[in-house]
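J.: Here it is: the structure, laid out below.
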Amino acid sequence: MSEFADRRYHRPEVLVSTDWVAKHADDPNVRLIESNEDPLLYPSEHIPGASEVDWVRDLNHPLRRDYLDPSAFRDLMSRLGSTRDTNVVFYGDKNNWWACYAFWVFQLFGHTNARVMDGGRLKWVKEGRPMTRDRPSFARSEYPEVRRNDNEIRAFREQVLDHVQARRPLVDVRSPEEYTGQRMHMPDYPNEGALRGGHIPGAASVPWARAINADDGTFKAADALREIYEREKSLADDDDVIVYCRIGERSSHTWFVLTYLLGFKQVRNYDGSWTEWGNLVNVPIEK
Amino acid sequence: MGQPGQRPNREVTADSPAIPGQLSRALDGFDLLVDRSERINALIETAERWQPVPSTIATRPYGDEHRTPACESEVYLFAVAREDGTLDFHFAVENPQGISAKAMAVILTETLSGAPLDLVARVSGDLVYRLFGDELSMGKSMGLMGMVAMVQRSARSASVGAAGD
């Protein structure tokens, strides 16, 4: 029985609690991975036994705007001492925003034995649990080079255009100001993100953090999530849904919620997101 | 830094140099740390020097006019005028995990408090990348640059106010 059974999630086993993580501190088949936005956080302290996966250095392609290739993923997993069967548990700052991003990238490589620690780093810290600066080291493991599958959970711009023309649902998880095009960049600074503001036509606005309980950073229960996505935004779990934000990180959090917690059958993350769409020539935009 | 009673260099001029001396020296020091982990450790140690805003300066709830734009760590700036017309800066960082924001707050506070206003007003937000490297997320870099922008604005406002005296 999952420790999250009372929240009535579709796949409750994809979450673990801080208690679970504490109890599995010495489990050789568990690799705890911290993934943050703030590059100083992990080095300043982290959960004992946790390794760091950095979204730029570890998950991005070093040259192209893309994710790491199969050989780089194999090397990353080998460095983490993981095999294909290792239970990888992600957590991080910003209510697991970056942890979900790393989780999503791992799913491109089909590493399905993966979990997210509910509440993330802040919940662990608030509970007064131990932290350390010691980095774990693992003997390099044999991890197979597996194909990256960009077809199931990732969307590209041509697919998004088709999606818009077919009037299928999208979810824009950015802030309301970004959604309306009110805010594109910071006052007094050049626009770093996009030449145009607004949102992809037909997209519903659901800022990603609405899925989170603000007090402890845990995911809301399924009933509360259904209230937002299904009743308020009229999405259905058999819809073909594309989620996006600015570069695909916040939307991976919503992708996780819709896919695993609510059981939506086809959700794709458009990682080109607004930094691509807002710069494309002659694509439709709404404000 | 000027003497009490003096009000030197308060107006922003087009030919003002861009980096006040203490900030320039701090940046030069970080430039020497080419090893990424050394640089990160130095920034963490810097963040550990951050101090909450004294209650004599400001108390919660802090006003939105003090809030740094685009900073998700919820950072507030309070600028207090010195007798010589320069400013003391105090940053409240309300996110306990806002360690980069704390490091930035310490660097700006320690190097720009008491610096000539015209120089403070011309400090470039690019120092964020010089300190933290170019691997920051856009959100994080915007937040940290927002802290620089707040300091700049405070200096400009004080400079304009002084010019109108």
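Those protein sequence lines, which keep their order, are chains A and B.
The first sequence: position 254 = 254 (my numbering), numbered continuously.
The second sequence: position 60 = 60 (my numbering), numbered continuously.
Glycine is no exception: its CB is placed at the ideal position from the N, C-alpha and C atoms.
Kindly indicate if chain A contains any beta-carbon less than 9 Å away from that of residue 135 of chain B.
T.: yes
J.: Under the DSSP definition of a beta bridge, which residues are partnered with residue 222 of chain A?
T.: Answer is none; residue 222 of chain A lacks a bridge partner.
J.: Looking at the secondary structure, which residues open and close the alpha helix (DSSP H) in which residue 117 of chain A lies?
T.: Residue 117 of chain A -> not in any alpha helix (DSSP H); beta strand (DSSP E) instead, spanning 114-117.
J.: Nearest CA to the CA of residue 108 of chain B: which residue from B/82, B/96, B/87 and B/94?
T.: B/87
J.: Tell me which residues share the same chain as residue 270 of chain A and place their Cβ nearer than 6 Å to its Cβ, disregarding the 5 neighbours each side in the sequence.
T.: Cβ within range, chain order: 155, 160, 242 and 244.
J.: Can the beta-carbon of residue 250 of chain A be found closer than 9 Å to that of residue 173 of chain A?
T.: yes
J.: What residue range does the alpha helix (DSSP H) around residue 165 of chain A cover?
T.: Annotation: the continuous alpha helix (DSSP H) that includes residue 165 of chain A extends over 157-165.
J.: Along the chain, which unbroken stretches of the alpha helix (DSSP H) at least 4 residues long are found entirely within the stretch 26-109 of chain A?
T.: 41-44, 70-79 and 93-108, all fully within the stretch 26-109 of chain A.
J.: Could you give the uninterrupted runs of the alpha helix (DSSP H) lying entirely in the stretch 74-146 of chain B, keeping only those of 4 residues or more?
T.: As far as the stretch 74-146 of chain B is concerned, its whole alpha helix (DSSP H) runs of at least 4 residues are 99-112, 117-120 and 127-132.
J.: I'd like to know whether the C-beta atoms of residue 147 of chain B and residue 77 of chain B end up nearer to each other than 9 Å.
T.: The answer is yes: Cβ separation under 9 Å.
J.: If you draw a straight line from the alpha carbon of residue 262 of chain A to that of residue 83 of chain A, how long is it in whole angstroms?
T.: In a straight line, the C-alpha of residue 262 of chain A is about 29 Å away from that of residue 83 of chain A.
J.: Counting contacts by CB-CB distance shorter than 9 Å, is residue 44 of chain A in contact with chain B?
T.: yes
J.: Mind pulling the chain B residues with CB within less than 8 Å of residue 37 of chain A?
T.: 137, 139 and 140
J.: Using a Cβ cut-off of 9 Å (strictly closer), state whether residue 79 of chain B contacts chain A.
T.: no
J.: For residue 106 of chain B versus residue 154 of chain B, is the C-beta spacing smaller than 9 Å?
T.: no
J.: Taking DSSP as the reference, what is the three-state secondary structure of residue 127 of chain A?
T.: coil
J.: Is residue 132 of chain A closer than 9 Å to residue 247 of chain A when the C-beta atoms are compared?
T.: Going by C-beta atoms, residue 247 of chain A is not nearer than 9 Å to residue 132 of chain A.
J.: Here's a check: name, in chain order, each residue in its chain whose Cβ is nearer than 8 Å to the Cβ of residue 134 of chain A, leaving out the five neighbours to either side.
T.: 48
J.: Is residue 94 of chain A close to chain B? Criterion is C-beta to C-beta, closer than 9 Å.
T.: At least one CB of chain B lies nearer than 9 Å to the CB of residue 94 of chain A.
J.: Kindly indicate which residue of A/91, A/37, A/279 and A/108 has the alpha-carbon position closest to the one of residue 66 of chain A.
T.: A/108
J.: At a CB distance below 8 Å, what residues from the stretch 119-131 of chain A approach chain B? Give them in sequence order.
T.: 121, 122 and 125
J.: Residues of chain B with a CB under 8 Å from the CB of residue 193 of chain A: which are they?
T.: Simply 138.
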